Amino acid sequence: LAYELCDLATPEEKRLLGADMQPLVAEMATVGRAAFMEAEVAAYDAWLVFGAVLERHHAFICPTVTTTDIPFDWELEAPIEIDGAPADRFTTTMLFNMFGNCPALTVPSGFAENGVPTGLQIAGRTFDDEMVFRIGAALERQAPLYDHAARRPALTGAGASTKRSN
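Residue numbers (my numbering): 2 to 167.
Written as structure tokens, this is what we have:
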């Protein structure tokens with residue numbers, strides 16, 4: 002189990018996960034077997050609901066990120082607000098990672114008014130990776146975003162090159 006792996010990892014192995022992951026590693030060390038199993042049951046229950054949706058539809062399409070107001074240098078543990086209200090997460094990717102049996106793909110969808118790139122997440126039926134890729138390819142053909150250098154955003158800020166790539 003994940004929490005046991007965190008407990009068995011050496012300090013060096015834990016350090017290799019990176020600074021952003023250290024709060025999560027510390028939190029996992031406090032999770033007991035019962036709490037972990039409760040989370041597994043909750044994930045399974047959520048899959049039963051979502052899986053029923055995919056029985057009626059080939060795929061589910063949603064924004065990859067629910068806000069464009071997260072700064073580039075946002076800290077993992079920093080509070081999040083969406084439209085002025087506190088939020089505990091801002092991505093939809095975690096849900097599909099939690100299910101573990103649902104192929105998912107993100108494709109670019111454009112740019113927000115503030116210049117932040119946006120994306121669409123496509124989640125498909127279990128083992129139907131091909132459908133997810135076909136939908137993603139179709140979306141990219143209909144709305145190519147990076148086919149011309151002028152459409153690529155210039156990267157500015159710490160560590161970013163101001164040159165546009167071709």
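We put the CB at the ideal spot given by N, CA and C, even for glycine. Nothing here was measured: the structure is a model prediction, and the numbers come from that model.
- Under DSSP, the beta-bridge partners assigned to Thr107 are Gln122.
- Put simply, of Leu9, Phe51, Trp75 the residue whose alpha carbon is nearest the alpha carbon of Asp21 is Trp75.
- For the 8 Å CB-CB criterion, Val133 and Ala36 do not form a contact.
- Spanning the alpha carbons of Ala53 and Arg126 requires a straight line of approximately 10 Å.
- Its chain contains Gly125, Asp130, Val133 as the residues whose beta carbon lies nearer than 6 Å to that of Pro104, once the 5 sequence neighbours on both sides are disregarded; these appear in chain order.
- Under DSSP, no beta-bridge partner is assigned to Ile136.
- Beta bridge pairing from DSSP links Ile62 with Ile123.
- CA-to-CA, the gap between Phe91 and Ile71 works out to about 9 Å.
- Leaving aside the five residues that flank Thr93 on each side, the residues in its chain whose CB is nearer than 8 Å to its CB run, in chain order, Cys63, Pro64, Thr65, Val66, Thr67, Gln122.
- Looking from the CA of Leu55, the closest CA among Phe97, Thr119, Ile83, Val26 belongs to Phe97.
- Secondary structure at Pro80: coil, using DSSP grouped into helix, strand and coil.
- Assigned with DSSP and collapsed to three states, Pro87 falls in strand.
- The three-state secondary structure of Phe97, taken from DSSP, is helix.
- According to the DSSP secondary-structure assignment, Thr92 is paired through a beta bridge with Val66.
- In the DSSP assignment, Phe51 is bridged to no other residue.
- Distance from the CA atom of Lys15 to the CA atom of Thr157, rounded to whole angstroms, is 32 Å.
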